[in-house]
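Residue numbers (full-length UniProt numbering), protein chains in the order written: chain A, 1 to 221; chain B, 1 to 221. See below for the structure under consideration.
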């Protein structure tokens, strides 16, 4: 049975950076520079704080004093029970279901600085409309994912291109922190992020999960 | 009236890095290097996720496979009402009170990588014992702060040495994200962090706020 995502995904929202193959490849050169010297060997996590929670058909505010805003189409994995040191083989048993996420961010040209200011503006994490039970998704690693702006297809990819698949993410994250029922893993946004502007209608579509719609609005003075 | 901190500080836990003068000065050289090129001009925020929530007299687990663990004595500022784009002049009216925080972290030699894995282990953010109402603290910027390990004084500083004071933190953070009642600003930990080990008794003492005690325990296999 499908339920509104906001009733189920009540926990922490964990973002995973650089988790699409095309995006990671486009960044490899930069990881030869200081301070990294090499590509990340573990998932690069960030947090979408609770003030970023937002929903289907809700406005997303283009902040005052900001030059650019980018949507981030992503598959969200909703955890169904407490997960600590879970193996990859067991990991999928901890998944309650899936939700469409649009992980809005201010563009950053590096992964060095803490990303709170770029990723944690109010309402910057719409998700929904529904939590789709895991039982309804035959293969979460073969889902076409599309971003439309004003009806025009602007980004297209598939969860087949995740660098780390869902079992690996759950295993590597639960190795060092306990995941709880209602937590959401935002599995990553693909390369080719686009800018949006006040007045734009933004839709993320994931096959089998439906469409998540938001309107970009200017911040009131 | 004092209430248990866990009943009041129910929101997000925001950490502020590099907010003691001695610590920032010790790091300045590194900010001349790539990728920063200059010291941070805004507060460097990090998140203590909800799995890090912990309390007075509760154990703190020394994680398996980790070499070093460091306590982080800090003054916590508990927000009392929704704060968005608050000016420094108005900021103190949004403070419900204060709490002792011990912001445990795995030591990191850089501020570049997202700090989730170092700062968000289960139970890594004890706070308490009580929320001390703002009305009981004459000057939150003149509070001696001490860390004791097994009864021995190991760190000593004062909130007079904050780089950004409380009104400035509230103003600069609420400028880009809404703070809510029950959110906690962890105002920073001073330089000179020390290592602790399983069996250690750790106490953070802040004048007027009392003592926060935790015992370090080894993780069970």
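Beta carbons: idealized from backbone N, C-alpha and C, even for Gly. The model shown is predicted, which means the values in this text are computed figures rather than measured ones.
Residue i: first and last residue of the uninterrupted alpha helix (DSSP H) it sits in
i	result
residue 195/B	Residue 195/B -> no alpha helix (DSSP H), and no H or E assigned at all.
Enclosing beta strand (DSSP E) for residue i [first to last residue]
i	result
residue 221/B	No beta strand (DSSP E) holds residue 221/B; DSSP gives it neither H nor E.
Proximity test, residue i beta-carbon vs the ligand ADP heavy atom, cut-off 7 Å
i	result
residue 44/A	By its list of ligands, the structure shown contains no ligand whatsoever, and the ligand ADP lies outside what it can speak to.
Neighbouring residues, chain B, relative to residue i (Cβ below 9 Å)
i	result
residue 63/A	176
Integer Cβ distance of residue i from residue j, believed to fall under 8 Å
i	j	result
residue 104/A	residue 70/A	7 Å
residue 173/A	residue 43/A	7 Å
residue 121/A	residue 52/A	7 Å
residue 131/B	residue 101/B	With 8 Å as the limit, residue 131/B and residue 101/B do not qualify as a contact, their Cβ atoms being about 12 Å apart.
residue 56/B	residue 153/B	Wrong, their Cβ atoms sit about 20 Å apart, outside the cutoff.
residue 23/A	residue 140/A	That pair is no contact at about 19 Å.
residue 223/A	residue 176/A	Residue 223/A lies beyond the range of chain A shown here (1 to 221); nothing can be said about it.
residue 188/A	residue 162/A	6 Å
residue 107/A	residue 68/A	5 Å
residue 167/A	residue 91/A	4 Å
residue 160/B	residue 88/B	Contact doesn't hold; Cβ gap of about 17 Å is too wide.
residue 158/A	residue 84/A	That belief does not hold up - the Cβ atoms of residue 158/A and residue 84/A are roughly 31 Å apart, past 8 Å.
residue 82/B	residue 180/B	6 Å
residue 149/B	residue 78/B	Actually they are not in contact, since the Cβ atoms of residue 149/B and residue 78/B sit about 26 Å apart, beyond 8 Å.
Neighbouring residues, chain A, relative to residue i (Cβ below 7 Å)
i	result
residue 120/B	177
Closer than 9 Å at the beta carbon, the chain A residues around residue i
i	result
residue 45/B	114, 116, 117 and 120
residue 222/B	The displayed coordinates of chain B run from 1 to 221. Any statement about residue 222/B would go beyond what the structure contains.
residue 42/B	117
Proximal residues of chain B, C-beta to C-beta of residue i below 8 Å
i	result
residue 180/A	50 and 51
residue 21/A	Those do not exist, as residue 21/A stays about 20 Å from chain B at its closest Cβ, beyond 8 Å.
Contacts of residue i in chain A (Cβ-Cβ under 8 Å)
i	result
residue 12/B	49, 50 and 51
Min CB distance residue i to chain C below 8 Å
i	result
residue 101/B	No chain C is present in this structure, whose protein chains are A and B.
Unbroken stretches of the alpha helix (DSSP H), 4 residues or longer, contained in the region 5-74 of chain A
Taking only runs of at least 4 residues, the alpha helix (DSSP H) segments lying wholly in the region 5-74 of chain A are 5-8 and 21-27.
Inter-stretch contact at 8 Å, needing at least 3 Cβ pairs: the region 204-218 of chain A / the region 141-149 of chain A
Contact between the region 204-218 of chain A and the region 141-149 of chain A is present, because at least three Cβ pairs lie under 8 Å.
Are three or more beta carbon pairs between the region 54-62 of chain A and the region 183-195 of chain A nearer than 8 Å?
The way I'd put it, the region 54-62 of chain A doesn't touch the region 183-195 of chain A; fewer than three beta-carbon pairs between them come closer than 8 Å.
Cβ pair count under 8 Å reaching 3, the region 168-188 of chain A against the region 11-24 of chain A:
Touching, per the Cβ criterion.
Ranges of the beta strand (DSSP E) found wholly within the region 169-196 of chain B, counting only runs of at least 3
Within the region 169-196 of chain B, the complete beta strand (DSSP E) runs of at least 3 residues are 184-186.
Does the region 17-25 of chain B come into contact with the region 91-98 of chain B, if we say contact requires no fewer than three beta-carbon pairs (one atom in each stretch) closer than 8 Å?
No contact exists between the region 17-25 of chain B and the region 91-98 of chain B.
Could you name each continuous alpha helix (DSSP H) segment of 4 residues or more that falls completely within the region 79-162 of chain A, going from the start of the chain to the end?
The DSSP assignment places 88-91 and 116-119 as complete runs of the alpha helix (DSSP H) inside the region 79-162 of chain A, in order along the chain (cut-off: 4 residues).
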